[in-house]
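A.B. asks:
Number of protein chains: 2
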Amino acid sequence: MSHSSFVSPNTGRPVRAVLFDTFGTVVDWRSGIAQQVDAFAAERNLPLNGLAFADTWRGGYYPAMAKIKSGERDYTPLDVLHRENLENAFSAHGVDPKSISAGDVDRLNHAWEHLPGWDDSIEGLTRLKSRYVVGPLSNGNTALLVNMGKNASLPWDVVIGLDLLRTYKPNPDAYLGAARLLRLEPGEIMLAAAHNYDLKAAREAGFATGFILRATEHGPDQTTDLEAAADWDISVSSIIELAEELKV
Amino acid sequence: MSHSSFVSPNTGRPVRAVLFDTFGTVVDWRSGIAQQVDAFAAERNLPLNGLAFADTWRGGYYPAMAKIKSGERDYTPLDVLHRENLENAFSAHGVDPKSISAGDVDRLNHAWEHLPGWDDSIEGLTRLKSRYVVGPLSNGNTALLVNMGKNASLPWDVVIGLDLLRTYKPNPDAYLGAARLLRLEPGEIMLAAAHNYDLKAAREAGFATGFILRATEHGPDQTTDLEAAADWDISVSSIIELAEELKV
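Chains as they are written, first to last, in the numbering used here: chain A, 1 to 248; chain B, 1001 to 1248.
#1: Quick one: which residues of the stretch 1187 to 1198 of chain B get their C-beta closer than 8 angstroms to a C-beta of chain A? List them in chain order.
#2: Going by DSSP, name the residue or residues bridged to A1017(B).
#3: Mind listing, in chain order, the continuous alpha helix (DSSP H) runs of no fewer than 4 residues lying wholly within the stretch 1193 to 1233 of chain B?
#4: Would DSSP call F1006(B) helix, strand or coil?
#5: Give me the chain A residues within the contact set of R1183(B), using Cβ-Cβ distance strictly less than 7 angstroms, ordered along the chain.
#6: Can you round the beta-carbon distance between N1151(B) and H1114(B) to whole angstroms, since I take them to be within the 8 angstroms contact cut?
#7: Buried or exposed for R1044(B), going by 16 or more other Cβ atoms inside 10 Å?
#8: Evaluate S153(A) with the Cβ neighbour count: other Cβ atoms within 10 Å of its Cβ, from every protein chain shown; 16 or more gives buried, anything less gives exposed.
#9: Tell whether a beta-carbon distance below 9 angstroms holds between D233(A) and T216(A).
#10: Indicate whether S1099(B) and F1023(B) have their beta-carbon atoms separated by less than 9 angstroms.
#11: Under 7 angstroms Cβ-Cβ, which residues of chain B neighbour G59(A)?
#12: Helix or strand or just coil, what does DSSP make of S1237(B)?
#13: Could you spell out the range, first to last residue, of the alpha helix (DSSP H) harbouring W118(A)?
#14: For a minimum of 4 consecutive residues, which ranges assigned as the alpha helix (DSSP H) are wholly contained in the stretch 38 to 88 of chain A?
#15: So, under 8 angstroms CB-CB, E1185(B) and A1179(B) are touching, yes? Tell me the CB distance rounded to an integer number of Å.
#16: With H, G and I counted as helix, E and B as strand and the rest as coil, what does DSSP make of S153(A)?
#17: G124(A) CB to nearest chain B CB: under 9 angstroms?
#18: Name the residue from T1223(B), T1025(B) and A1229(B) whose alpha carbon lies nearest to the alpha carbon of G1117(B).
#19: Report the option in K1200(B), H1082(B) and D1038(B) whose CA atom is closest to the CA atom of P1170(B).
#20: For L108(A), collect the residues of the same chain with a Cβ closer than 6 angstroms to its Cβ; drop the 5 residues on either side in sequence, then sort them by chain order.
#21: Considering only the alpha carbon of each residue, which of T223(A), H110(A) and N49(A) lies closest to L78(A)?
#22: Quick one: does D173(A) have its CB under 9 angstroms from some CB of chain B?
#23: For the ligand GDP, any of its heavy atoms closer than 8 angstroms to the Cβ of P1077(B)?
#24: If we count the other Cβ atoms within 10 Å of its Cβ and call it buried at 16 or more, is Y1168(B) buried or exposed?
#25: Does any residue of chain A bring its CB to less than 9 angstroms from the CB of G1149(B)?
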C-alpha cells in the first residue's frame, strides 16, 4: 500500500489509517435526533420540538464529560451519560420524565444509534477504505458506534469507542491509545474531524489532521467550526473530497 | 430485528451478534502461512517446507499462551508471541534466525495478516451481517485482525481482539468481556467456532454456540474437531450453512 499513500507534510509519514470523529463529522446527529424525538412526541401527544430538544439533549454532553475529565466522576460510557441527559432534557422541555416509562426512555436513548450519515459519508468512506484502515475514533462507546455503523451502513474496518480506553477526547490518551491499539505510529494516522479542538489535540499527539467543514451540524445559525482554525494537513467540505485529497 | 432472529434453545434468547473464532474457523491459516513461507524460502534459497513450517510455527501458540494463562508471564499480544515462535520455528527447521535480517523476520511475521478465508467465509458473513452483528472474537490482537479482515475482505461490524481485554480464550473473561463491550447479555451472542474447547467455554459463559466443521484445518490427516463434541445449538460445515440455520 505504502507507495501511493498520502504523506503528511506535518508528520512526514505515510498515512495508514484515517480515523473519524463521528457525531457531526460522519453522521448528522441533530436532524436524526430531532426526527426521532418528533415521532416519539407525536405518538404520546407530548409538546416537544425535536430540533430544540436535540440541542438541549446534546447540550448536556460537554458538562457531563467535564466532570469525568476533572476526576470529579469516574469514567462513565457515553450511552449512560445520554440516558441521564435525556431525563434532564425532558424536564427542561416541560415533560416530567417520570411520566414516561423507563422502557420508553431507554428506547429513545437508542436514537443515537439511528443517525443518518451525511450525503457524502458512505461513498467517501468506501473510497478511503480501498487503501486506508477506516474507523471511528469517537467519544461514543463501542456498542453505540457498532450499532450506528450498521444502521447507517458505514463501512468501518474497526470501531474504536473510547470506552475501550476509558477516556474522552481531547485527552491525549485517546489518540495515543488508538495508535497503540492499531500498532501504528501516531504519524501514520489521520484524524478527520469537523471540530478544530479535536484536530488540535490530535496534532499534539502526533497525528496527521483533516478538517471537514460541516457548516450545518448545529443548524442554519451555526457559529462554530465554520473554517479551519490552523494549517491542518487537509481541509475539505466532505468525506468524498477527503478521499480525493488522499488519492483514492 | 428481534422478531425473526434465531432463538437459542439453550439460552432462550434471540441472538443479536455472532462472534467468530478466526484462525481455522474463518481463515485457512495453514495453507496461507505455508504459501508465504514457501515464497520467502524460495527468494532466499532456504531449505524450508511451507506446510511443515506452518505446523511448527502454529505449534508454538498453545505453549506460549499457557505461560500467560498460568500467570508465569504477563499478558503479551499474539503478534509478539508469533514473532518469538517464528524464530523458534526457524531454528527447529535448521535455519539460524540470526542469519535473516530482523526486518525480514518482521515482514514474515505479518503473514498472519494475509490469510485466505475459506471458500464460504465472505458469502456467509455477508449474509449473517444483514441481521446480526458479526465480528471476530479471537486470541489474535486487534491490529492483526483488522489487517487480516481487510486483506481477506471479511465484512466485520466490529473487531474484538483479546488484547482489548488482556486475556485469552478459553478464559471466561474473554466471552463475558466481549458481551459487556457489545452491551449484550451473553445469551444474545453466539460463538461460532471450529473447536469444541472454545464452544464449551463459550457455553459455560452463557453464549449460544455454533460448531463449524473444518476438517482440513490441520491438513488431510487431521484427527481433532472432526465432529461436534456436544449438543451445540447449531452444527454445520460452512458459514453459509450457519447463515441458513440462522434464517438469513
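Ideal Cβ positions, reconstructed from N, Cα and C, are used throughout, including at glycine.
C.D. replies: The relevant details are as follows:
#1: When C-beta distances to chain A are compared with 8 angstroms, every residue of the stretch 1187 to 1198 of chain B stays at or above that value.
#2: As a first step, residue 1017(B) must be located in the second sequence, where it is residue number 17. BP columns for A1017(B) point to V1133(B) and I1189(B).
#3: Listed in chain order, the complete alpha helix (DSSP H) runs (minimum 4 residues) inside the stretch 1193 to 1233 of chain B are 1196 to 1204.
#4: Counted from its first residue, the second sequence places residue 1006(B) at position 6. Of the three classes helix, strand and coil, the one that applies to F1006(B) here is coil, per DSSP.
#5: Taking the second sequence and counting its residues from 1, the one referred to as residue 1183(B) is at position 183. A143, listed in chain order.
#6: Residue numbering aside, residue 1151(B) sits at position 151 when the second sequence is read from its first letter. Residue numbering aside, residue 1114(B) sits at position 114 when the second sequence is read from its first letter. About 5 angstroms separates the two Cβ atoms, so the contact holds.
#7: Along the second sequence, read from residue 1 onward, the residue named residue 1044(B) stands at position 44. When all chains shown are included, R1044(B) counts as exposed.
#8: Stepping through the first sequence from its first residue, residue 153(A) is reached at position 153. Around the Cβ of S153(A), a 10 Å sphere holds fewer than 16 other Cβ atoms; the residue is exposed.
#9: Along the first sequence, one-based indexing puts residue 233(A) at 233. Along the first sequence, one-based indexing puts residue 216(A) at 216. D233(A) is not a Cβ neighbour of T216(A), given a cutoff of 9 angstroms.
#10: Translated into positions along the second sequence, residue 1099(B) becomes position 99. Translated into positions along the second sequence, residue 1023(B) becomes position 23. No, the Cβ-Cβ distance between S1099(B) and F1023(B) is not below 9 angstroms.
#11: Along the first sequence, read from residue 1 onward, the residue named residue 59(A) stands at position 59. Under the 7 angstroms cutoff, chain B gives no residues; its nearest Cβ is about 24 angstroms from G59(A).
#12: Stepping through the second sequence from its first residue, residue 1237(B) is reached at position 237. Secondary structure of S1237(B) (DSSP, three-state): coil.
#13: Position 118 of the first sequence, counting from 1, holds the residue named residue 118(A). W118(A) -> no alpha helix (DSSP H), and no H or E assigned at all.
#14: Taken in chain order, the complete alpha helix (DSSP H) segments of 4 residues or longer contained in the stretch 38 to 88 of chain A are 50 to 59 and 61 to 69.
#15: Here residue 1185(B) corresponds to residue number 185 of the second sequence, with the count starting at 1. Here residue 1179(B) corresponds to residue number 179 of the second sequence, with the count starting at 1. That belief holds up - the Cβ atoms of E1185(B) and A1179(B) are roughly 7 angstroms apart, short of 8 angstroms.
#16: Against the first sequence, residue 153(A) aligns to sequence position 153. Here DSSP, grouped into helix, strand and coil, assigns S153(A) to coil.
#17: Stepping through the first sequence from its first residue, residue 124(A) is reached at position 124. So no, G124(A) is outside the interface.
#18: Your numbering for residue 1117(B) matches position 117 in the second sequence. With distances taken between Cα atoms, G1117(B) lies closest to T1025(B).
#19: Here the question's residue 1170(B) lines up with position 170 in the second sequence. Of the listed residues, the one whose Cα sits closest to P1170(B) is K1200(B).
#20: Within the first sequence, residue 108(A) is the residue found at index 108, counting from 1. If you ignore the 5 residues before and after L108(A), its C-beta comes within less than 6 angstroms of the C-beta of F40, all in its own chain and listed in chain order.
#21: For the purposes of this step, residue 78(A) is taken as residue 78 along the first sequence, with counting starting at 1. The candidate whose alpha carbon is nearest that of L78(A) is H110(A).
#22: Counted from its first residue, the first sequence places residue 173(A) at position 173. Judged by the 9 angstroms Cβ criterion, D173(A) is not in contact with chain B.
#23: Within the structure as shown, the ligand GDP is missing, as the structure has no ligands at all.
#24: Against the second sequence, residue 1168(B) aligns to sequence position 168. Burial check for Y1168(B): the Cβ neighbour count within 10 Å reaches 16 or more, so the residue is buried.
#25: Reading the second sequence from its first residue, position 149 is the one you call residue 1149(B). At least one chain A Cβ lies under 9 angstroms of G1149(B).
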